[in-house]
Amino acid sequence: MHHRIGFMLIMSLFLLTACGEKEQTAKTKETVKTEEVSVEKLEQDEVSDILRTNLESVKTIFTKAGEENGWGTQNPADFSMMRSDLLPYATEGFTDNDLKKMAEEYYCECDQSFMPHISYTVGLTFEQKKEDVLDITALEPATEINNTGSLWKFTLTKEDDTWKLDRWSASTIENQDLKLTKEDAVKLFSEDGTEAEFVREYDSAEAGAKAYVIKVMSSMEGNEYEYTMGVSSKDTMIVHDFEQEEEAAEAPEASEATEPSTPAEEETVSITSNSKSENLNKLDLIAAQEWQRMYESDYQLLEDAGHNYQLWDKALNEIYSILKDNMADSEFQVLKTEQIQWIKTRDEVAQTEFDREGGGSLSRVVQVESLADSTKERCYELVNLYMK
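Take the sequence shown: its letter number 184 is residue 184 in the numbering used here, and every next letter is one higher.
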């Protein structure tokens, strides 16, 4: 009997010891797990500075290399000459794939934008699940030329205690409501050496949302410019219907006048063949679709000019695509070089018109009108010269 009691006591002690060790092991594992998921988080300002440093450094390297080596359409970039300069700011994979591919088109002397033009103060969010991986979302606001905002997503990884770009991608802001505040709108246009101030807010029919009227002050080559613009709180789209409200307020006696007329929806005309006679007829049909309404407001003038520019820009892209498919490679390369120079000249002429007008709302009108007129002339020129 005594032996049985002793045996039971020994077994009880053994079980208690085993349970204690099991509990201690569980606690140890829990501690290790807690330590593994503990990440030293970065602050918002730190993330903004990290992203700005990397993007601006990459941009500076591309610009400096192009200027020093005279890279352009006639002298393509030699990526190996700037690769080592990029590696402190981008991973090898991102450098040898994305940046190398970008370098093939970057010096095209055309009006295409390759680098992100984001805001570092508005719409920038980040997530840091691991201590050496940083995911950032940033806003690129709309502009007068490309009136569509974008959201950029960046992934940076930490190598040897240095943050480097590893991936980036962009998508347009569609069916989203950013819910920008008036302070956000002012910040968006107070970057890159410009100053902005809030004027008022209003319900914009053009934006389909609340919009903010912002006064922007900037300088270019010693000239001071000041203009007013509307910014959609929904997606940063630039709007101008606030001008109609102001003009209506200044002329109350015209309250019984009819609303500005918008032309009826037009049938789309597309350039689809290499036939000169057929396409000249189609260009005439496109010309008939131009908006040239009687003056009612500066906003309406800009709307007309923008509509006309979009018509001719679409036609030009279609013509260029058809010529690419039908011309000999050697002939097309000559045309490509001419086209790049034409784009450069067209944009310079339009900017001169903008500067001559003084930087106000009418400056934007004459700038877009110049773009539309030049593009229209180029459409007729290419069809007459190269199509059969």
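The beta carbon of each residue, even a glycine, is placed where N, CA and C say it ideally should be.
What you are looking at is a predicted structure, and each value in this text was computed from that prediction instead of being measured.
Span separating the alpha-carbon of residue i from that of residue j
i: L335; j: Q341; result: 10 Å
i: E226; j: K59; result: 28 Å
i: Q292; j: V349; result: 22 Å
i: E191; j: T63; result: 20 Å
i: A372; j: D347; result: 11 Å
i: G70; j: T345; result: 19 Å
i: Y107; j: G66; result: 7 Å
i: I214; j: I238; result: 10 Å
i: Q44; j: L139; result: 15 Å
i: F94; j: S277; result: 48 Å
i: T228; j: V366; result: 16 Å
i: S171; j: F154; result: 12 Å
i: M102; j: P141; result: 22 Å
i: S150; j: T337; result: 30 Å
i: L161; j: L323; result: At residue 161 the sequence reads Asp, which differs from the Leu that was named. Roughly 51 Å between the two C-alpha positions.
i: S370; j: L302; result: 12 Å
i: W168; j: S218; result: 30 Å
i: E68; j: D78; result: 12 Å
i: A196; j: G230; result: 12 Å
i: N75; j: Q333; result: 13 Å
i: E243; j: D355; result: 21 Å
i: M327; j: C110; result: 21 Å
i: Q339; j: S363; result: 26 Å
i: E267; j: L311; result: 12 Å
i: K388; j: I343; result: 24 Å
i: S80; j: S275; result: 44 Å
i: T125; j: R52; result: 14 Å
i: K100; j: D85; result: 13 Å
i: I136; j: E290; result: 43 Å
i: E353; j: V216; result: 19 Å
i: W152; j: D325; result: 33 Å
i: D96; j: E56; result: 19 Å
i: D98; j: E331; result: 30 Å
Residue i classed as buried or exposed, judged by whether at least 16 other C-beta atoms fall within 10 angstroms
i: I166; result: Ile is not the amino acid found at residue 166; the sequence shown has Asp there. By the 10 Å Cβ count, D166 comes out buried.
i: N54; result: buried
i: D329; result: exposed
i: S270; result: exposed
i: L385; result: exposed
i: M294; result: exposed
i: E104; result: exposed
i: S255; result: Annotation note: pLDDT 42 at S255 (below 50); position unreliable, no value reported.
i: G306; result: buried
i: G358; result: exposed
i: D184; result: buried
i: A288; result: exposed
i: K164; result: buried
i: A207; result: buried
i: N279; result: buried
i: F114; result: exposed
i: E36; result: The pLDDT assigned to E36 is 48, lower than 50, so where the model puts this residue is not dependable, and the model offers no usable value.
i: M82; result: buried
i: D304; result: buried
Selection from the options that minimises the alpha carbon distance to residue i
i: V47; options: M115, K59, G123, N69; result: G123
i: K129; options: T157, F242, E206; result: T157
i: L134; options: I50, L188, E381, M229; result: I50
i: L285; options: A185, D132, Y380; result: Y380
i: H117; options: Y107, T148, T345; result: T148
i: G389; options: S119, E159, W163, V239; result: The chain is shown from 1 up to 388; residue 389 falls before or after that span and cannot be answered.
i: Y320; options: S57, S273, Q300; result: S273
i: V368; options: E331, N308, K388, L382; result: N308
i: T181; options: A211, S169, Q310, A196; result: A211
i: Q300; options: D241, N146, Q333; result: D241
i: L283; options: E353, M82, V383, T73; result: V383
i: E144; options: F189, K41, W152; result: F189
i: N146; options: D98, Q351, Q112, L42; result: Q112
i: E131; options: E40, E331, E56; result: E40
i: V186; options: A205, T121, E127; result: T121
Min CB distance residue i to chain B below 8 Å
i: D184; result: Here chain B cannot be found, since the structure has a single protein chain.
Any non-hydrogen atom of the ligand COA within 7 Å of residue i CB
i: M115; result: Of ligands this structure carries none, so the ligand COA is not represented either.
Next on the checklist: So, does the region 232-241 touch the region 171-183, judging by three or more C-beta pairs under 8 Å?
Outcome noted: yes
Checklist entry - Are the region 198-211 and the region 72-89 touching by the rule of at least three beta carbon pairs closer than 8 Å? => result no
Next on the checklist: If contact is defined by three or more beta carbon pairs under 8 Å, each pair taking one atom from either stretch, is the region 372-379 in contact with the region 310-321?
Outcome noted: yes
Next on the checklist: So within the region 152-230, which uninterrupted beta strand (DSSP E) runs reach at least 3 residues, ignoring any that extend past its ends?
Outcome noted: 162-172, 195-204, 209-220
Checklist entry - Counting only runs that start and end within the region 319-371, where is the alpha helix (DSSP H) found for 4 or more residues in a row? => result 329-357
Checklist entry - Considering only residues of the region 69-148, which uninterrupted alpha helix (DSSP H) runs meet the minimum length of 4 residues and lie entirely inside it, listed in chain order? => result 83-86, 100-106
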